[in-house]
Ligand code: URA
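In our numbering, the protein residues as written are 4 to 242.
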């Protein structure tokens with residue numbers, strides 16, 4: 004359910020058929036998130052996010068990549084921002100980092116159906132490669148993370164996960180504070196009002212960047228260990 008705005012009245016008078024036909028169009032503007040009613044469903048929030056202009060990243064991204072998964076998911080996994088493939092496909096974690104995440108979840112015996120996956124920033128931030136056509140990932144700024152925060156809050160309010168998992172420094176610092184250090188505090192449950200159990204671990208992209216096979220293997224194993232802790236908490240809460 005979307006809250007009414009002056010634009011929606013225009014739509015009702017028939018002056019703007021495009022707006023009438025597409026309720027998300029009434030949310031185009033700087034602060035689409037603020038116009039979403041607290042009663043809006045997750046799907047409605049996702050449609051509103053598709054029109055978000057709260058920062059400039061929409062200008063160079065293909066589309067908003069909203070979270071994906073069941074509203075009943077016990078686990079919410081939060082990454083940094085969509086990558087190149089996610090931007091093209093409009094779905095989170097479907098590129099190389101997503102495939103590694105899937106593998107680690109499977110090894111930790113967590114089913115994808117138990118997980119809602121999203122990002123702190125919902126547009127791909129990139130710059131052109133020095134040579135060639137590749138789009139190079141750029142780290143989001145604090146202001147961009149803040150601009151996108153209402154969407155993540157809306158997801159948290161609706162999914163109400165039992166366990167919240169932050170992947171990498173951007174997600175961890177956005178949700179747990181700027182002083183959070185993934186290198187020191189990964190794999191520990193952190194008291195937080197965001198969910199009953201909150202934990203941070205590395206981002207799967209960092210494992211893909213490992214220097215050699217041996218360190219990649221070790222880093223993957225440590226990542227799986229962190230996810231096993233999540234699996235244990237969820238199993239305890241189910242029984
Ligand atoms: N990295 C992220 O943080 N999120 C994605 O969706 C993909 C890659």
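Virtual Cβ for every residue (Gly too), placed ideally from N, Cα, C.
{"Check": "Proximity test, residue 177 beta-carbon vs the ligand URA heavy atom, cut-off 7 Å", "Outcome": "no"}
{"Check": "Residues passing the C-beta test against the ligand URA heavy atoms, cut-off 5 Å", "Outcome": "82, 83, 85, 86, 89, 95, 96, 100 and 122"}
{"Check": "Cβ neighbour criterion (16 or more within 10 Å) applied to residue 44", "Outcome": "exposed"}
{"Check": "Beta-ladder partner(s) of residue 245, from DSSP", "Outcome": "The structure shown does not extend to residue 245, since the chain is modelled only from 4 through 242, so no value can be given for it."}
{"Check": "Under 8 Å between C-beta atoms of residue 175 and residue 185", "Outcome": "yes"}
{"Check": "Residue 53 and residue 66 closer than 8 Å at C-beta", "Outcome": "yes"}
{"Check": "According to DSSP, residues forming a beta bridge with residue 145", "Outcome": "Residue 145 is not bridged to any residue."}
{"Check": "Extent of the continuous alpha helix (DSSP H) to which residue 210 belongs", "Outcome": "207-211"}
{"Check": "Neighbourhood of residue 219 by C-beta distance below 7 Å, restricted to the same chain and skipping five residues each side", "Outcome": "210 and 213"}
{"Check": "Member of 136, 155, 88 and 124 whose CA lies at the smallest distance from the CA of residue 143", "Outcome": "124"}
{"Check": "Among 241, 226 and 148, nearest to residue 178 - alpha-carbon criterion", "Outcome": "148"}
{"Check": "Candidates 60, 196 and 135: closest to residue 141 by CA position", "Outcome": "60"}
{"Check": "Backbone secondary structure at residue 58 - three-state DSSP", "Outcome": "coil"}
{"Check": "C-alpha gap between residue 114 and residue 108, whole angstroms", "Outcome": "7 Å"}
{"Check": "Contacts around residue 112, its chain only, beta-carbon distance under 7 Å, and the 5 residues preceding and following it disregarded", "Outcome": "234"}
{"Check": "Limits of the unbroken alpha helix (DSSP H) element including residue 179", "Outcome": "171-179"}
{"Check": "Pairwise C-alpha distance: residue 215 and residue 35", "Outcome": "44 Å"}
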